[in-house]
Structures are given as C-alpha cells and as structure tokens.
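Counting from 42, one number per residue, gives the positions in the sequence shown under the numbering used here.
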Amino acid sequence: MERWVEETLHNGFRVRLKADEVLFDSQTDHQQLIIFENGDFGRVMMLDGVVQLSTRDEFVYHEMMAHVPLFAHAEAKDVLIVGGGDGGVLREVLRHPDAERATLCEIDRSVIDLCRAHFPEISQGAYDDARTRIVIADGTKFVAETDDRFDAILVDSTDPIGPGAVLFTEAFYTSCRRALKPGGVLVTQNGLPFLQGPELAESVGYFRKLFKDAFAYLATTPSYFGGSMSYGWASDDATLRQQTSGTIARRYEAAGAFPTRYWNPDLQVAAFALPNYIRDLVEK
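Dropping the structure here:
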C-alpha cells in the first residue's frame, strides 16, 4: 500500500510527499524523525511533521546560510552553527579557508547519527574535519554560557515548534549578541514570509533592538513549500550587507572559487533585494 507523509507546519495548508521507501521513523529524545525516499526530491528528512532537507535541493539552503554571511564578513575565523545536525551548513562553512574553527551545537545527537548513516553526501566528511567541534547541548544554554566569541553565528534551526521554539526569542538573540566578536554577523532561519510573516517580523524586531543593522535576505528551496525562505540578518557593521558583487567575486576567487550550485556573487547582492510585502515586515 502506498504511504504518503504529510507536512503539518501550516494551519491552512498541507503538503504530502510519497514515501517510496521509509528508512527510519521513530521518536528521538526530542522530536519525531522520519527519513524516506521520494521520487521527486530524493531522500527526505522531516522533524515533527516539517521537511528539513531533501538531497535534491539541500544545496540551496546550505549554501545561502553559509556563504552570504562569510563572504560578507570576509575574515570569519570562528563560526558557530546552532542546530544544523545534518552537517550541510558545516560542510559549506569549511569550504572557506579562513574558517579556523567551526562549532556545531546540536541538541539532538540522534540527528547527527542518523544523518551520518543516511545522508553522508550532505556532510561529506565535515563532522570529522580537524576544524570541527561538535557540542551536544541546548543551543540557548550554550550561547548564554560560553566564553567563546564568534565572528559569525548561523542559526540553522527548525521552525518555532518543539525544541526549536526557544531559538526565536529575544533572550536567545541577546545571548547571540554577547557571543559575537565586534563586527560579527548573526544569520537565522526565519521561515517563509508569505505564510510565516509574523515570525520574520518578530525576529527582525528583536534584532533592531540589539544591533545597528537588522534586515533579511531570501532564497528559494523547492522542498520548503510556500514561497521564498527568509534568512534573518543582524550585525553592528551595516557595510557587511552592502558589498558589491565585484568585491564578493574577488573574495570568492581568493577563497579558491570552490564550486557552488546556487550561490554566486551576483546572487549574494540580489538576495537582499526584498519584495515590498517582505520589506514591510522587516522595516516596520
């Protein structure tokens, strides 16, 4: 009998994906996790009824979460990833030769273990890189208590349900502000503005209280159903998001011009050009 897996994130909108083969379906210590094969999206992982990644389009989200802030900063040596247990953002961070240490703080060890087993092409050995430090902990507690300081903090979280909800609070963002080095940058996963506009508006509102520059940028990942995905942006250095494509291109060449499938210097600049309905959310 055919099995279809339903995404349940939105109140008035449902999407079902055909599970050609279920590889894992169980409750971890923190959340419901299912991994299955789908003819259109490849291998898919869902947490608590929400698509987290698919092997067909994961490069979009992971490249944009990592390369936009790191090429904007240009000298990020210490990078913190909160969440991101699949290893995709970690993989992209480690492509940057300036990155001397990448700390991955994941609350659910099961996510890392299962992704190592079922999605090795996502991490591509990043977990075992000498520059990687893996911390199994609540991200809010880690950021609030750590004595480390970071050039970039990338919050690769689930949506604000279940264990990810605390990663969308003013208290957490305040802790991130404390843990950033001067001139550092904070980037967050902030959902689909068309369907989750208040989430983006609230986060950027908190950023505006804490940082001199607060904004957002966009990318479109097909398996995140409902429009463009927004990434929250916060820094005390407003010039970071105002670099020209020529400057970004020179930094990319200096980094080795490693291959990308979505990100490029022109797209980096264009990602900050927001449609009016999204601009209204981040500027109100």
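Note that beta-carbon positions come from the ideal geometry of N, C-alpha and C, so glycine has one too.
Requested in this report: Check the DSSP bridge columns for C146 and list the partner residues they point to.
Outcome: V123, V176
**Report entry** Option in T215, S271, E162, F266 with minimal Cα separation from S198
**Finding:** S271
Requested in this report: Please name the residue in A311, L233, F160 whose C-alpha comes closest to that of L322.
Outcome: L233
**Report entry** Host beta strand (DSSP E) of S271 (start-end)
**Finding:** 270 to 276
**Report entry** Distance, N52 Cα to E133 Cα
**Finding:** 33 Å
Report task. Please name the residue in D188, E186, T187, L208 whose C-alpha comes closest to that of L195. Result -> L208
Query - Enclosing alpha helix (DSSP H) for R249 [first to last residue] - result: 234 to 251
Report task. Identify which residue in Y293, T288, I148 has its Cα closest to the Cα of H71. Result -> I148
Report task. From the DSSP output, in three-state form, read off Y168 for me. Result -> helix
Query raised in the report: Applying the criterion that 16 or more other CB atoms from any shown protein chain within 10 Å of the CB defines a buried residue, is N30 buried or exposed?
Result: Past the edges of the chain, shown from 42 to 325, lies residue 30, and the structure says nothing about it.
Query - Neighbour-count burial assignment, V63, 16 or more Cβ in a 10 Å radius - result: exposed
Query raised in the report: Quick one: what does DSSP say R282 is sitting in, helix, strand or coil?
Result: helix
Query raised in the report: What is the rounded straight-line gap between the Cα of V130 and the Cα of A107?
Result: 6 Å
**Report entry** S198, DSSP secondary structure in three states
**Finding:** coil
**Report entry** Range of the contiguous alpha helix (DSSP H) that encloses Q309
**Finding:** 306 to 311
Query raised in the report: Any idea if Q68 is buried or exposed, counting beta-carbon neighbours within 10 angstroms, 16 or more meaning buried?
Result: exposed
Query - Residue interval of the alpha helix (DSSP H) (run including N317) - result: 317 to 324
Query raised in the report: What are the partner residues of A255, as DSSP defines its beta bridges?
Result: A275
Query raised in the report: Hey, is the region 107 to 127 in contact with the region 141 to 161, meaning 3+ C-beta pairs nearer than 8 Å?
Result: yes
Requested in this report: Tell whether a beta-carbon distance below 9 Å holds between L259 and A312.
Outcome: yes
Requested in this report: Given a cut-off of 9 Å, decide if F266 and V101 are closer than it, judged by their beta-carbon atoms.
Outcome: no
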